[in-house]
Amino acid sequence: MAKAVIEIENLVKRYKELVALDHLNLTIREGEVFGLLGPNGSGKTTAINCILALLHFDKGSVKVFGEEMQPDSYDIKRKIGVVLQNVAVFEELTVQENIDYFCSLYVKEKSVRRQYVEEAISFSGLEDFRKFFPKKLSGGLLRRLNIACGIAHKPRLIILDEPTVAVDPQSRNRILEGIQKLNREGATIIYTSHYMEEVEQICSRIAILDQGRCVASGTKEELKAMIKIGEKIHLEAEGMTSEQMEGIRRLRHVYQVDYQNGMLKICCNGGKHNLVHILDYMTKEEISFGRVYAELPTLNDVFLEITGKQLRDSAE
Ligand code: ADP
Ligand code: MG
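136 is the number that the numbering used here gives to position 123 of the sequence shown; each next residue is one higher, with no gaps.
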């Protein structure tokens, strides 16, 4: 098994009486793109700040590269690149100067630094904006600058806290592809988000946070296998009788059947060919049906089944 890059044990962080992290345990291994997925307020940023020793915590321990993390652990910090949730760049420096400044905190040699800054500029697609000041950049470009500043010194561990919030789709894709590229080149990544699609797309392992606790962790396949729901099948059907509904409920793997406004919703727990069995039944019973579609479980279903809540704010 790959070496642990981060080991968090029983981490507790309180803000006065609010428990923001409640005995959090996490191990992140070399080479992973590790996703911390959770709704707003679940403790993602607090966890990141504790990992970086930017926050004092109440209990537990955090080890980074095998060593206890302290506010003055500069040797460890040099190996980490951080992209914080709130964009942190200098307004009075241009794009290129900003990246050079952050890189200069780690890389003293000028010729190496010049090359690293160039690589960060092309990596973030900021070639045409190198002389721009931050206030002239769109939200997406500003995010890309924020990332370029965090990764220019080629850190082995990169921590990104919600780097795609409120960016346009083009910048979002560029950011997600960029993160995968950094990982292929050898960096271990910690990625926090409340967007389940992004986490599914790029993360090799995921921890789901809720109210400061890790409620489940694993690969996306493992997470989906933890829950009962395997497949949701929707069918437009007319005049279903309660006997027919019962008949469907008795089919193998079916555990829940709802029928509302001519739409039949059937929840199946795993298994294959569920749709075939259902359609066979419909045909045998001579029930006419229209549109049919099946949905595989999402990480939202995992979150919903474990916590009883939606991952997504209803506002989104
Ligand atoms: P996330 O990053 O997942 O949105 P946070 O770590 O920012 O979550 O917040 C976790 C909880 O701690 C939330 O309830 C939030 O309101 C609270 N919190 C965060 N920072 C502070 C702070 N500086 N003072 C008091 N409460 C805080
Ligand atoms: Mg946050």
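A virtual CB, placed ideally from N, CA and C, is assigned to each residue, including glycine. Small disclaimer: the values here were computed from a predicted structure and weren't measured.
For M295, the uninterrupted alpha helix (DSSP H) segment begins and ends at N287 to K297. Only buried fits S230, as 16 or more other CB atoms lie within 10 angstroms of its CB. Taking the Cα of L37 as reference, the smallest distance to any Cα among K29, G56, K90 and C162 is reached at G56. With fewer than 16 neighbouring CB atoms inside 10 Å of its own CB, L118 falls in the exposed class.
Contact between the segment 288-307 and the segment 218-236 is absent: fewer than three C-beta pairs spanning the two stretches fall below 8 angstroms. G54 has its alpha-carbon roughly 35 angstroms from the corresponding atom of V120.
Per DSSP, the beta-bridge partners of F302 are A250. Note on M209: 16 or more other CB atoms within 10 angstroms of its CB, so buried under the neighbour-count rule. Measuring C-alpha to C-alpha distances from I319 to each of Q224, H166 and S137 identifies Q224 as the nearest.
Closest in alpha carbon position to E20, among H266, E244, L65 and L50, is L65. Taken through DSSP and simplified to helix, strand or coil, S230 comes out as strand. Counting C-beta pairs with one atom in each stretch, the segment 182-194 and the segment 127-134 have fewer than three that are closer than 8 angstroms, which means they do not touch.
Straight across, the Cα-Cα distance linking N282 with F302 is about 23 angstroms.
Closest in alpha carbon position to L158, among D141, L170, R169 and P168, is D141. For the 9 angstroms CB-CB criterion, A200 and I240 do not form a contact. Following the DSSP letters along the chain, one finds Q323 in no alpha helix (DSSP H), marked with neither H nor E. Below 8 angstroms, too few C-beta pairs join the segment 104-112 and the segment 57-76 to call them touching: fewer than three.
At the C-beta level, K194 and F136 come within 9 angstroms of one another.
A straight line joining the alpha-carbon of M276 with that of K245 spans about 12 angstroms.
Boundaries of the beta strand (DSSP E) around N23: A17 to Y28. By the neighbour-count definition (other C-beta atoms within 10 Å, threshold 16), Y204 is a buried residue. Across the set E190, L222 and E308, the C-alpha of E308 shows the shortest separation from the C-alpha of L248. I93 sits away from I160, with the two beta carbons spaced by 9 angstroms or more. In the structure shown, E43 adopts coil according to DSSP, grouped into three states. Shown here, C162 sits in a helix according to DSSP, grouped into three states.
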